[in-house]
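The structure appears right after this line, and notes come after that.
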Amino acid sequence: MDKCHSAPANHVNKQVQEIAANCHHLPKRYIRKQDKEYGPVTNASASSLADLPVIDFSLLTSSPLELNKLKSAVITWGCFQAINHGIESLFLEKVREIGKMFFHLSADEKKKYLKEEKDVEGYGNDIVLSDDQVLDWNDRLYLTVLPKDQRKFRFWPTNPTNFRDVLDEYSCKMELIYEVVLKSLARALNLHEDCFLNQFGTTKKCARYNYYPSCPWPERVLGVKPHADSSAITILLQDEEVEGLQLLKDGKWVGVSVVHDALTINVGDQMEIGSNGIFKSPVHRVMVNSKKERMTLAVFCPVLSDQVVGPVDELITEETPRMYKNVAYSLDYFLNYFQQGGRPIDACKI
Ligand SMILES: O=C(O)CCC(=O)C(=O)O
Ligand SMILES: [Fe+2]
Numbered sequence: 007m008d009k010c011h012s013a014p015a016n017h018v019n020k021q022v023q024e025i026a027a028n029c030h031h032l033p034k035r036y037i038r039k040q041d042k043e044y045g046p047v048t049n050a051s052a053s054s055l056a057d058l059p060v061i062d063f064s065l066l067t068s069s070p071l072e073l074n075k076l077k078s079a080v081i082t083w084g085c086f087q088a089i090n091h092g093i094e095s096l097f098l099e100k101v102r103e104i105g106k107m108f109f110h111l112s113a114d115e116k117k118k119y120l121k122e123e124k125d126v127e128g129y130g131n132d133i134v135l136s137d138d139q140v141l142d143w144n145d146r147l148y149l150t151v152l153p154k155d156q157r158k159f160r161f162w163p164t165n166p167t168n169f170r171d172v173l174d175e176y177s178c179k180m181e182l183i184y185e186v187v188l189k190s191l192a193r194a195l196n197l198h199e200d201c202f203l204n205q206f207g208t209t210k211k212c213a214r215y216n217y218y219p220s221c222p223w224p225e226r227v228l229g230v231k232p233h234a235d236s237s238a239i240t241i242l243l244q245d246e247e248v249e250g251l252q253l254l255k256d257g258k259w260v261g262v263s264v265v266h267d268a269l270t271i272n273v274g275d276q277m278e279i280g281s282n283g284i285f286k287s288p289v290h291r292v293m294v295n296s297k298k299e300r301m302t303l304a305v306f307c308p309v310l311s312d313q314v315v316g317p318v319d320e321l322i323t324e325e326t327p328r329m330y331k332n333v334a335y336s337l338d339y340f341l342n343y344f345q346q347g348g349r350p351i352d353a354c355k356i
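In terms of the numbering used here, the sequence shown opens at residue 7 and continues consecutively.
Shown next, in the form of structure tokens:
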């Protein structure tokens, strides 16, 4: 059979994992349309792994040098690898393990947590907004973890049995990491350390386990299509061995390596706006592997729904005029641009 034969578009509501398990041909809905991707389509080769700065969190308050390294990382890349962040290696393993155990449950068991068609919360994949939308080669489990009163427990697996406890503990740790990053970024710009924390107010923490089954035609699909995150920051726990994340840097795609026990942290559109464009929210995408599955856990830290985001006053000066309007962030606002391949932040620029 022609390996690239396109199947009819009846896979839209199937899980990618089910398609991958019996993949004799690639369903049409997953085939990349390269003319619709912004940024070049060439793949990163082994030689173009990003030299992403590694920031030692244990030094951020005591070492001006480390703080400066963080500042230049976020200005240059919008992203860095955090080490010595205080989360034990064994615990990170557990966080990965509960995710893998979940995705390895039977299809029927996982479907108990299936999301609704037009919502993101729960187990599933892309919200489909149009017939010609290209789908990502990934399944997800998306759970709002903080504030606690926004948790929708019907989507929280009880299998494995420790899933909820481990994710709950991880959420608390993410709140602390969030605060360290926002305070450090403010100090790096000589602002009061609570400046960004106050600007954004209470932020949500939304955990998204991304599961990328292996794909016999990795060049023809994308794990996640090019996008920038809308959050203030995103804290990513990568797969312990399989790479796949790439950043668009100076017009080229460069791969992000796996650093043992590191958290890969990037700023999102809300921080780009808050910092009046000093920190740039990086465009990134995910490639899939022909042989190995990959699983990551992204924790997005966005403002609460309808909260207005704008640049902090102290960063608007005569030399550095306001670059972004104040915008009220909602899921609809984000999705409308995202699924059409545009960047929501372009609509916020003055
Ligand atoms: O899985 C990854 O490496 C990144 C995922 C990502 O970009 C996202 O979930 O927004
Ligand atoms: Fe992302």
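Glycine is no exception: its CB is placed at the ideal position from the N, C-alpha and C atoms. Here the structure is a predicted model, which means the values were calculated and not measured.
- Message: Tell me which residue opens and which closes the beta strand (DSSP E) that Q252 is part of.
- Response: L251 to K255
- Task: Give me every residue whose Cβ sits closer than 7 Å to any heavy atom of ligand 2, in chain order.
- Result: V230, H233, D235, T240, H290 and A304
- Per DSSP, which one or two residues make a beta bridge with L269? A88
- Message: Taking 8 Å as the limit between beta carbons, can you name the residues of its chain near I61, skipping five residues before and five after?
- Response: E72, K75, L76, A79, F86, Q87, A88 and I89
- Residue(s) in a DSSP beta bridge with G261: L55 and Q252
- Spatial neighbours of K355 in its chain, beta-carbon cut-off 7 Å, leaving aside the 5 residues before and after: M329 and Y330
- Item | A79: first and last residue of the uninterrupted alpha helix (DSSP H) it sits in | P70 to T82
- Message: Quick check: the stretch 183 to 193 against the stretch 160 to 170, are at least 3 beta-carbon pairs closer than 8 Å?
- Response: no
- Task: In the DSSP assignment, find the alpha helix (DSSP H) that holds C212 and state where it starts and stops.
- Result: Element bounds for C212: not the alpha helix (DSSP H) but the beta strand (DSSP E), K211 to Y218.
- Query: Quick one: does the C-beta of G302 sit closer than 7 Å to a heavy atom of ligand 1?
  - Reply: Checking the sequence shown, residue 302 turns out to be Thr, not Gly. The answer is yes for T302.
- Task: Please report how far the alpha carbon of A50 lies from the alpha carbon of S263, in whole angstroms.
- Result: Annotation note: pLDDT 48 at A50 (below 50); position unreliable, no value reported.
- Message: Quick check on the burial criterion: 16 or more other C-beta atoms within 10 angstroms. Buried or exposed for N204?
- Response: exposed
- Message: So, for Q141: in the same chain, excluding its five sequence neighbours on each side, which residues have a beta-carbon less than 6 Å away from its beta-carbon?
- Response: It is Leu, not Gln, that sits at residue 141 in the sequence shown. For L141, where only same-chain residues beyond five positions count, the Cβ hits under 6 Å are R35, Y36 and D132.
- Query: Which residues bound the beta strand (DSSP E) around V186?
  - Reply: Run containing V186: none in the beta strand (DSSP E); it sits in the alpha helix (DSSP H), F169 to A194.
- Query: To which residues of the same chain is M301 closer than 8 Å at the C-beta, ignoring the five residues directly before and after it?
  - Reply: R102, G105, K106, F109, Y215, N216, Y217, Y218 and D245
- Query: Between the C-alpha atoms of C307 and S112, what's the straight-line distance to the nearest angstrom?
  - Reply: 31 Å
- Query: Got a sec, what are the start and stop residues for the beta strand (DSSP E) D62 sits in?
  - Reply: V60 to D62
- Which stretch, first to last residue, makes up the alpha helix (DSSP H) that contains M277? D275 to G280
- Would the beta-carbon of A304 fall within 8 Å of that of L228? no
- Query: Between which two residues does the beta strand (DSSP E) carrying F306 extend?
  - Reply: R300 to C307
- Under the rule that 16 or more other beta-carbon atoms within 10 Å means buried, what is P327, buried or exposed? exposed
- Please name the residue in Y119, K39 and A268 whose C-alpha comes closest to that of D162. As written in the sequence, residue 162 is Trp, which differs from the Asp given in the question. The option with the nearest alpha carbon to W162 is Y119.
- Item | Range of the contiguous alpha helix (DSSP H) that encloses L203 | C201 to F206
- Residue range of the alpha helix (DSSP H) that includes K100: S95 to F109
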